[in-house]
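Q: In my numbering, the protein residues as written are -3 to 230.
Note that beta-carbon positions come from the ideal geometry of N, C-alpha and C, so glycine has one too.
Owing to the predicted nature of the structure, the values given are computational and were not obtained by experimental measurement.
I'd like to ask you about the structure that follows.
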């Protein structure tokens, strides 16, 4: 009896561990979501790439980013934190006025799992409202903070017909932290239809990499598009 009980206990533990691992993988997957529309890369033969920036905005950094992108002649997609948009509306508006796409990166930048339906609704809707309040009228896409999503977030996005935008190239995956390392990693990993993720708002090194990344990919024949322009190729 004791042996049978031990076998049962081990089997239950194995099932629980397997379920936990499966849940973790699903929550972190860049290509799978339980409901709604998700994109991490668009399958295309065109040498196009979407350059995306997470977090922000803040006034000084916004000016620097706008200057760099203007000098390189490219557009990007900015996934902004709602609370920061409320605090710095002019910075968010400047990004939109310059022709860049804006997206929703939640209101408080918390991991989007194990919350109530009302919490997800609040995080999404308050950020959407903040972006609309500065006059931004284009479709709004969503990027989960830290890439986390499980069941509640996908359902909330699906009910609002909002696409979750992930990525397939992120220098942080390998700890690339210098402009040279970031540039080399992006060059090696980019494919036609890639979505590149960078976090420039709190990193001068990342900001310094933007120009080299753009010039390197242009030399390889790539053209920079917004996420919406990339989605149109699906």
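#1: How would you label residue 113, buried or exposed, when you count the other beta carbons within 10 angstroms and need 16 or more for buried?
#2: Between residue 133 and residue 98, what straight-line distance do the alpha-carbon atoms span, to the nearest angstrom?
#3: Within the region 38 to 85, note down every full beta strand (DSSP E) run reaching 3 residues or more, in order along the chain.
#4: Taking just the CA atoms, how far does residue 76 sit from residue 86?
#5: My understanding is that residue 196 touches residue 61, with C-beta atoms under 8 Å, so please give their C-beta distance in whole angstroms.
#6: Residue 73: buried (16+ other C-beta within 10 angstroms of its C-beta) or exposed?
#7: One question on the structure: do residue 178 and residue 205 come within less than 8 Å of each other, judged by their Cβ atoms?
#8: If the criterion is Cβ atoms closer than 8 Å, does the pair residue 104 and residue 79 meet it?
#9: When DSSP builds the beta bridges, which residues end up paired with residue 219?
#10: Given residue 111, which residues of its chain have a CB within under 7 Å of its CB, disregarding the five upstream and five downstream residues?
#11: Run through DSSP, which three-state label would residue 106 get?
#12: Kindly indicate which three-state DSSP category residue 206 falls into: helix, strand or coil?
#13: Can you tell me which of the three DSSP states residue 94 falls into?
A: Result, derived from the coordinates:
#1: The count along the chain shown starts at 1 and reaches residue 113 at position 117. So residue 113 ends up on the exposed side.
#2: Position 137 of the chain shown, counted from the first residue, corresponds to residue 133. Position 102 of the chain shown, counted from the first residue, corresponds to residue 98. Cα-Cα distance, rounded: 10 Å.
#3: 44 to 50, 73 to 76
#4: For the purposes of this step, residue 86 is identified with residue 90 of the chain shown, where counting begins at 1. For the purposes of this step, residue 76 is identified with residue 80 of the chain shown, where counting begins at 1. The alpha-carbon atoms of residue 86 and residue 76 are separated by roughly 13 Å.
#5: Mapped onto the chain shown, residue 196 falls at position 200. Mapped onto the chain shown, residue 61 falls at position 65. About 6 Å separates the two Cβ atoms, so the contact holds.
#6: Here residue 73 refers to the residue found at position 77 when the chain shown is read from its first residue. Buried, since its Cβ has 16 or more Cβ neighbours within 10 Å.
#7: By 1-based counting over the chain shown, the position of residue 178 is 182. By 1-based counting over the chain shown, the position of residue 205 is 209. Yes; because the gap between Cβ atoms is below 8 Å, this pair is in contact.
#8: Locating residue 104 in the chain shown gives position 108, where the first residue counts as 1. Locating residue 79 in the chain shown gives position 83, where the first residue counts as 1. Yes, the pair counts as a contact, with Cβ atoms nearer than the cut-off.
#9: Taking the first residue of the chain shown as position 1, residue 219 is located at position 223. DSSP lists 44 as partners of residue 219.
#10: On the chain shown, residue 111 is found 115 positions in, with the first residue counted as 1. 148.
#11: Indexing the chain shown from 1 puts residue 106 at position 110. Residue 106: coil per DSSP, three-state reduction.
#12: Walking along the chain shown from the start, residue 206 turns up at place 210. Residue state, collapsed to three classes: helix.
#13: Here residue 94 is taken as the residue at index 98 of the chain shown, counted from 1. Residue 94 falls in the coil class under three-state DSSP.
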